[in-house]
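Contents: one structure, followed by commentary.
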Amino acid sequence: MNKRRRIYEGKAKVLYEGPEPGTLIQHFKDDATAFNAKKHALIEGKGVLNNRISEYVFTKLGEIGVPTHFIKRLNMREQLIREVEIVPLEVVVRNVAAGSLATRLGLEEGTQLPRSIIEFYYKKDELNDPMVSEEHITAFGWATPQEIDEIMQLALRINDFLVGLFLGIGIRLVDFKVEFGRFYDNEQVRIVLADEISPDCCRLWDAQSGDKLDKDRFRRDLGGVLEAYQEVARRLGVLTETPRPRGAGPVLVASNASSNGPVAPVNGKPN
Ligand code: TMP
Ligand code: ASP
């Protein structure tokens, strides 16, 4: 296991060579970064939670016919995936004004958008992932017009499905970022969903209280990052709660990788 060839290391994940040609192992780290890695911390147990949450979401999307790179979860931190050629775009879908859109257009955070909006950002850390238009994407050959169409259709299908999935567990899906890859299947090239879907790359607000259950807790120094991710995992049913003293908060029992012990509930409020 230690001799595995490392193919790529990103801010929150590492890709290793897989057991068979055309496969890779995606390893989820505990690193959290923001503002193009200017801010960095280790959130112990985050990788385990994101592995589980992303497995769940990718599996559900696969079940409704969204092609993905996901094959299976291997262990607490790793999943087996198909090797794809990543399209160098961060595709953001927004339902509610927040983050950079709210800042750019002077909208109040929380304003429902007239319809879902898709934005493209060029994946280039050195340039701080600048926002780009379809004109840039096709002119510079990052994706063809047909691929952009396919990506937009998939992004909207993913959004429709995830809005419902999260609403069912009392969470408002404000926005999220996804990445796509080209999967070379004999003569055919197919666009598939790649990377991950987790609270690292979504804005998830509690539908009633508006509490943030995502990486904005880290970006904005709100505290309770791990607890928020645990809450999402618990509501999705990928964590089970054992009866514990009142006020002790949720605990991770689906893993042996958690050394966090008892944790405070989100926002320090007893649940
Ligand atoms: P933004 O409002 O900062 O542009 O973020 C939009 C969505 O994309 C939000 O759900 C967070 C996610 N995101 C990432 O996953 N990675 C990033 O590098 C950035 C900037 C945002
Ligand atoms: N993932 C990005 C980074 O470090 C930023 C973010 O998610 O806000 O740089």
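In terms of numbering that gives the first Met the number 0, the sequence shown opens at residue 0 and continues consecutively. Glycine is no exception: its CB is placed at the ideal position from the N, C-alpha and C atoms.
At a threshold of 8 Å, Phe-175 does not count as near the ligand ASP, since its beta carbon sits no closer than that to any of the ligand's heavy atoms.
Taken from the Cβ of Asn-49, every heavy atom of the ligand ASP lies 8 Å or farther away. For Asn-50, the uninterrupted alpha helix (DSSP H) run begins and ends at 45–62, by DSSP. For Ser-99, no beta strand (DSSP E) run applies; the uninterrupted alpha helix (DSSP H) run containing it begins and ends at 98–104, by DSSP. Nearest Cα to Ile-150 within the set Gly-169, Glu-118, Val-173 and Leu-166: Glu-118.
Ala-31 places its beta carbon less than 9 Å from that of Ile-42. The beta-carbon separation of Ala-96 and Leu-88, rounded to 22 Å, does not stay under the 8 Å limit for a contact. Nearest C-alpha to Pro-144 among Ala-154, Glu-133, Leu-153 and Gln-152: Glu-133. Contact check between the segment 190–198 and the segment 58–74: three or more CB pairs, one atom from each, fall below 8 Å, which counts as touching. Note on Glu-230: 16 or more other CB atoms within 10 angstroms of its CB, so buried under the neighbour-count rule. The beta strand (DSSP E) runs lying completely inside the segment 133–218 and spanning 3 residues or more are 170–184, 187–193 and 201–205, given in chain order. Secondary structure note for Leu-225: it is in no beta strand (DSSP E), and the uninterrupted alpha helix (DSSP H) holding it is 224–235.
Looking at Leu-73, Tyr-121 and Val-177, the one whose alpha-carbon comes closest to that of Thr-137 is Tyr-121. Distances from the CA of Glu-178 to each of Val-224, Gly-169, Phe-69 and Gly-21 were compared; the closest alpha carbon is that of Phe-69. Beta-bridge annotation (DSSP): Glu-89 is paired with Tyr-120. Ranked by Cα distance from Gly-98, the first of Pro-113, Val-86 and Arg-216 is Arg-216. In this structure Leu-161 is in contact with Leu-172, their Cβ atoms being roughly 5 Å apart against a cut-off of 8 Å. Buried is the label assigned to Gln-25, since at least 16 other Cβ atoms lie within 10 Å of its Cβ. Closer than 8 Å to some heavy atom of the ligand ASP: that describes the Cβ of Thr-32.
Leaving aside the five residues that flank Ala-101 on each side, the residues in its chain whose CB is nearer than 6 Å to its CB run, in chain order, Glu-108. Under the criterion of beta carbons closer than 8 Å, Ala-227 and Leu-238 do not qualify as touching, at roughly 13 Å. Annotation: the continuous beta strand (DSSP E) that includes His-26 extends over 22–27. Judged by DSSP in its simplified three-state form, Leu-79 adopts strand.
By the criterion of a C-beta distance shorter than 7 Å, Glu-84 is surrounded in its chain by Gly-180 and Arg-181, once the five residues flanking it on both sides are discounted. By the neighbour-count criterion, in which a residue is buried when 16 or more other Cβ atoms sit within 10 angstroms of its Cβ, Arg-219 is exposed.
Excluding five sequence positions before and after Cys-201, the CB atoms of its chain that fall closer than 6 Å to its own CB belong to Phe-175 and Asp-213, given in chain order.
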